[in-house]
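Participant:
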Amino acid sequence: MVFYRIKLLSVPKVKYAQHVDLSKYRNRFNHAKDYLEFTVVEKGDIFFKYEDRVDVAKPGMFFPIVSDMACDTYANGRQVHNIVGVKVKYEFEKYSSKDLTDEQLKDIEENIRENTVILVPYIVELNDDYSYVVNSIASIVRTHGLQGSGDEILCVSKWFGLASYLTKITMRMLVSERAGFSPMAYKYVEEAKRYIKRNINRKILIEEVAENVGISINYLQKLFKLLTDETVVSYINSKKMQIAAEYMIKNNTGAQEAAEYVGIDDSSYFCRLFKKYYGFNIREYRIQKG
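FYI, in this note's numbering the residues of the sequence shown are 96 to 385.
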C-alpha cells in the first residue's frame, strides 16, 4: 500500500464539493500547490497516466490528489464520483508500506497521537468503509451548498472528520499488513460479515455470529476490531442503516417500516442510529437524495 503522511500548515478551506456524473471525463493534474482533494469512485474506472505507468481507480475505490502528482486523468465512458477539494498549505511524505521501517511507523503513530498529521492512502479499495466515506463527502457537499455564516466552519469540521477517518483506515491497513495475520483470520472475519448480511433483517447477537464462524466470542471481537477497526456491534448497526436507507428510498416508506425491515423494533432508537451513521435525520437524507 502507498500512502501519504500530511502535516497541515494552515486551516483548510473547502473550495469545492460535488457529486459528479459525466458522460466524458478528462483532467490534468500538475503539482497543484496548496490543494488537497479526496475522491471516491462510484461508477466507471478513472485512469491516471504518468510518464512511466498508468494507475486505475475502480468503483468503490478512494484516491487523493496531492501536490506531487503530475498526470493525465480520464475515463472511457460514463464516470460518477464524489469529490471534495480544499485549499490548504501542507507538507507531505510518501511511503510504501512494504518499505516502511519500524522507526518510521513509530514516528507516524506518535504524530497521530499528537494530532499533528493525517494519513491518506493513494488508491485503495474501501470495501466496508465505502458507505461511510461516500456519506461523509455527501454531507460536506450538502453543507457547502448552504450560504449561512457558520456553514463554512461546519464544512471544515466535517472535512476534518473525513480526514480523521481516512487516517484510521490507513493505520488499520498498515497494522494488518505488518502483523501478518494468517489467511484464516481474514476468513473468520469475512464469514462473520457474510452471516450478518444473510441475517440483516432480524436481530443479530454476537454469540450466534461467533458460533456460526466456529470461534469464541472474545476471539471474534478481537479479530474484527483489529482487521476492520470497528466492533461487531458497530458493523451490524452500520449495515442495518445502509440497508434501511436503501429500502426507504426505493419503497418510499417511513422510519417504522424501515426499522422493522432490518429487525429493529424501536423506531425511536432506529432514528437515533440513523442520524449517528449518516450525520443527518431521515427527512434531511431524503432531501439530499432528491
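Where is the CB? At the ideal position from N, CA and C, for every residue including glycine.
Pick out whichever of Val161, Arg121, Gly155, His114 has its Cα sitting closest to the Cα of Ile101.
Facilitator: Val161
Participant: In terms of alpha-carbon separation, which member of Met279, Ser192, Ile299 lies closest to Arg267?
Facilitator: Ser192
Participant: Counting only runs that start and end within the segment 183-217, where is the alpha helix (DSSP H) found for 4 or more residues in a row?
Facilitator: 197-208
Participant: Under a three-way DSSP split, which group does Ile386 fall into?
Facilitator: Any answer about residue 386 is impossible in this case: the structure gives the chain only from 96 up to 385.
Participant: Just to confirm my understanding: we take Lys335, look at its own chain, exclude 5 residues before and 5 after, and list those with CB closer than 8 Å. What are they?
Facilitator: Ile295, Val357, Gly358, Ile359, Leu368
Participant: Between the C-alpha atoms of Ile338 and Tyr185, what's the straight-line distance to the nearest angstrom?
Facilitator: 38 Å
Participant: Is Asn313 buried or exposed, if buried means 16 or more other CB atoms sit within 10 Å of its CB?
Facilitator: So Asn313 ends up on the exposed side.
Participant: What is the DSSP secondary structure of Met156, reduced to helix, strand or coil?
Facilitator: strand
Participant: For Met156, which residues in the same chain have their Cβ closer than 8 Å to its Cβ, ignoring the five residues on either side in sequence?
Facilitator: Val135, Val136, Ile218, Val219, Glu220, Leu221
Participant: Pull the bridge partners of Lys138 from the DSSP assignment, please.
Facilitator: Val175
Participant: Please classify Asn230 as buried or exposed, where buried requires at least 16 neighbouring CB atoms within 10 angstroms.
Facilitator: buried
Participant: Return the first residue and the last residue of the alpha helix (DSSP H) that Lys370 is part of.
Facilitator: Counting along the chain, the unbroken alpha helix (DSSP H) around Lys370 starts and ends at 362-373.
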